[in-house]
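These notes are about the structure you will find just below.
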Amino acid sequence: MKKQILFNSVALMTLAAATACGGSSPTASTTPSEVATKCPGGEQGFPICYTGGRLQQALPSSYDTSSNEYAIFTEWNQVRSKLGLGPVNHNKLIDASTQNHANYLRLSWIAGEDGHNEVQGRLGFTGINSLERIIFAGYTNAKYGGELMSPETGKKAFYQLMNAVYHRQGLLDDWITDVGMTSSTSTSTSTSTSTIINYGFSNQQQNDGNYIGVYPYDGETNISLTHSLEDPNPFAGELEMTLANMCTKTSVPVSVISEASTKLQVSSFTIREYGSDRDLSVRLMKQERGIWPNHAVIIGNAPLKPYQKYEVKFIGKVSGGRSGNGFDVTKSWSFTTGTNLNSCQNY
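All you need for our numbering is the position in the sequence shown, starting with 1, plus 359.
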């Protein structure tokens with residue numbers, strides 16, 4: 360259960376003051392300066408002046424509608440649509456890269472090794488990292504590549520990844536355009552991996568510079584109660600990555616996301632049971648823990664309650680990148696839990 364991401368590669372103003380000695384001088388006439396009413400470079404949203412986006416068109420996949428892959432692909436795009444992110448499209452060449460890697464794991468992976476990386480010279484080798492393997496499979500103009508792996512299959516695999524903070528970042532990446540996967544219990548009998556997802560782009564898509572999304576999204580139901588097992592461990596130095604710890608000392612992550620080139624600063628980020636006057640105890644996950652600059656995440660110090668509505672409030676600021684002059688963010692929304700998806704029945 361890991362993720363891997365790789366890349367291929369004010370003006371200054373001077374004020375001058377004039378003084379006169381002795382006598383008097385006529386009052387200088389002044390001309391009112393022109394007040395700007397539009398963005399100087401044709402950007403959108405004056406006075407913020409953010410850069411407009413470019414999202415790709417959604418295309419149908421060629422996955423069999425009864426397959427695990429179709430279940431993941433469909434759920435993934437439904438969630439991205441709810442958040443206002445561009446769709447990901449199915450690419451058979453990237454499918455091949457995941458199948459190649461599954462074959463390598465079955466033939467050559469040794470317990471204790473990083474399951475994302477392959478060792479040159481071993482059986483099934485097609486590239487050290489996911490980007491190399493995507494290119495080897497025929498997606499030769501890839502500029503970016505990432506990989507997610509889960510022990511689950513189908514829709515359950517998707518939400519196991521969505522409920523883990525690092526993996527969620529990959530699934531909700533603004534820029535990715537093309538995806539491929541294999542999701543089968545026979546994928547790799549030598550590891551606990553049943554689903555492998557690769558994704559990337561050759562020409563990235565982009566949201567508007569004023570983009571803001573939240574997950575769980577407003578009104579969503581059947582949300583899990585806790586964080587999933589995840590490697591690497593986002594709680595390193597605080598909690599060991601064990602099922603017992605995830606089931607008793609975490610909640611599902613709650614995320615706010617700005618456009619990928621921007622930075623999202625947090626002033627206040629809270630969650631409480633609907634109708635309560637008391638906020639839950641939470642961790643604010645920071646960049647030092649591997650959270651991307653355009654993501655803000657809180658994770659509770661205890662599980663959420665089943666079938667309970669929760670209210671979330673966020674206050675912060677977006678700056679830099681394609682946000683133009685930057686802007687303040689105030690968001691309030693709610694979601695409702697279901698049961699736990701993370702095998703926590705014994706905790």
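Positions of the beta carbon are idealized from the N, C-alpha and C atoms, including for glycine.
Q: Assign residue 384 to buried or exposed, taking buried as 16 or more other Cβ atoms, counted over all protein chains shown, within 10 Å of its Cβ.
A: For residue 384, the predicted structure reports a pLDDT of 40, less than 50, and the residue's modelled location is therefore unreliable. A value from the coordinates is still provided. Taking all protein chains shown into account, residue 384 has fewer than 16 neighbouring C-beta atoms within 10 Å of its C-beta and is therefore exposed.
Q) In three-state DSSP terms, what is residue 435? A) Helix at residue 435.
Exercise. Can you grab the Cα-Cα spacing for the pair residue 466 / residue 481, in whole Å?
Key: For residue 466 and residue 481, the distance between alpha carbons rounds to 8 Å.
Review point. Out of curiosity, what's the CA-to-CA distance linking residue 381 and residue 568?
Key: Note that residue 381 scores 41 on pLDDT, short of 50, meaning its location in the model is unreliable; the coordinates nonetheless yield the value given after this. Residue 381 and residue 568: Cα-Cα distance of roughly 56 Å.
**Message:** With three or more C-beta pairs closer than 8 Å as the rule, is the region 603 to 613 touching the region 482 to 491?
**Reply:** No, they do not touch.
- Pick from 680, 511, 461: whose alpha carbon is nearest that of residue 701? Its Cα nearest to that of residue 701, the residue 511 stands out among 680, 511, 461.
Tell me, to the nearest whole angstrom, how far the beta carbon of residue 581 is from that of residue 697; I am working on the premise that it is less than 8 Å. The C-beta distance from residue 581 to residue 697 rounds to 3 Å, short enough to fall under 8 Å.
Notebook entry, point to check: According to DSSP, what are the bridge partners of residue 478?
Noted result: In the DSSP output, where bridge partners are listed per residue, residue 478 has none listed.
task: Spatial neighbours of residue 592 within its chain, please: CB distance less than 7 Å, with the 5 preceding and 5 following residues excluded, ordered by chain position.
output: These residues qualify, in order along the chain: 600.
I'd like to confirm the pairing. Which residues does DSSP put opposite residue 655 in its beta bridges? Its beta-bridge partners are 615.
Original post:
residue 444 and residue 572 look like a contact to me (Cβ under 8 Å); what is the Cβ gap, rounded to whole Å?
Top reply: Confirmed, about 6 Å.
| message | Tell me the rounded alpha-carbon separation between residue 606 and residue 402. | response | The C-alpha of residue 402 is placed about 47 Å away from the C-alpha of residue 606.
### Message
Taking its Cβ as the centre, do 16 or more other Cβ atoms sit within 10 Å of residue 552, making it buried, or is it exposed?
### Response
With at least 16 other beta carbons inside 10 angstroms of its own, residue 552 counts as buried.
Q) Which value, in whole angstroms, describes the spacing of the CA atoms of residue 692 and residue 435? A) Going by the C-alpha atoms only, they are around 21 Å apart.
Subject >> residue 626 vs residue 676 beta-carbon contact at 9 Å >> reply: Closer than 9 Å, so yes.
Taking the straight line between their C-alpha atoms, what separation do you get for residue 585 and residue 395?
One C-alpha to the other measures close to 50 Å.
Check your understanding: Hey, is the region 628 to 635 in contact with the region 654 to 672, meaning 3+ C-beta pairs nearer than 8 Å?
Key -> As far as the Cβ criterion goes, the region 628 to 635 touches the region 654 to 672, which means the pair count is three or higher.
| Straight-line gap, residue 473 to residue 508 (C-alpha atoms, nearest Å) | In this model, residue 473 and residue 508 are separated by some 12 Å (Cα to Cα).
Please report the straight-line C-alpha distance between residue 464 and residue 526, rounded to a whole angstrom. Approximately 20 Å between the Cα atoms of the pair.
For residue 560: DSSP bridge partner residues | Residue 560 is bridged to 503.
Check your understanding: In three-state terms, what does DSSP make of residue 627?
Key -> If DSSP states are grouped into helix, strand and coil, residue 627 belongs with the strands.
Check: Given a threshold of 16 other Cβ atoms within 10 Å of its Cβ, counted over all protein chains shown, does residue 430 qualify as buried or as exposed?
Finding: The residue in question, residue 430, is buried, as its Cβ has 16 or more Cβ neighbours within 10 Å.
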